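Q: Before I ask anything, here is the structure I am working with.
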Amino acid sequence: MNKTDFIEAIEPIVGSKKAASAFIDSLTKNITTALQNGEEVRLSNFGIFKVNKRKERTGVNPRTGEKIKIPAKKIPVFSPSKSLKEAVN
Numbered sequence: 900m901n902k903t904d905f906i907e908a909i910e911p912i913v914g915s916k917k918a919a920s921a922f923i924d925s926l927t928k929n930i931t932t933a934l935q936n937g938e939e940v941r942l943s944n945f946g947i948f949k950v951n952k953r954k955e956r957t958g959v960n961p962r963t964g965e966k967i968k969i970p971a972k973k974i975p976v977f978s979p980s981k982s983l984k985e986a987v988n
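Below, the structure is given as structure tokens:
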């Protein structure tokens with residue numbers, strides 16, 4: 900399901916495609932902003948969006964065999980709730 904499919908799925912609930920699109924845009928913007936501010940986003944019966952930090956590490960260039968430093972970075976992650984896991988299985 901892509902964004903267009905999602906908009907069409909929630910259109911009957913919110914009343915129009917424009918309102919559905921605005922809702923999705925607002926939801927993703929607010930989740931992104933919260934993650935940028937170091938906050939977790941918890942949605943009951945759905946899951947948790949959060950940011951994990953990866954430490955700097957040493958890697959190997961596969962072409963040259965040269966050791967390289969891979970810088971530390973932040974990765975957004977999603978942890979599904981128990982009820983979401985059960986619904987999928």
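Each residue of the sequence shown is one higher than the one before, counting from 900 in this note's numbering. The beta-carbon is built from N, C-alpha and C at its ideal position, and this holds for glycine as well. This structure is a prediction, so every number in the text was calculated from the model and none was measured.
1) With the cut-off set at 9 Å, would you say Lys-981 and Arg-953 are in Cβ contact?
2) Along the beta strand (DSSP E) that carries Gly-948, what are the first and last residues, could you check?
3) How far does the alpha helix (DSSP H) with Pro-911 in it reach, from first residue to last?
4) Would you call Ala-919 buried or exposed, if buried means 16 or more other Cβ atoms sit within 10 Å of its Cβ?
5) Would you call Ser-969 buried or exposed, if buried means 16 or more other Cβ atoms sit within 10 Å of its Cβ?
A: On the basis of the supplied data:
1) no
2) The identity of residue 948 in the sequence shown is Phe, whereas the question assumes Gly. Taken as a continuous stretch (DSSP letters only), the beta strand (DSSP E) holding Phe-948 covers 946-953.
3) 902-913
4) buried
5) What sits at residue 969 in the sequence shown is Ile, not Ser. Per the 10 Å Cβ criterion, exposed.
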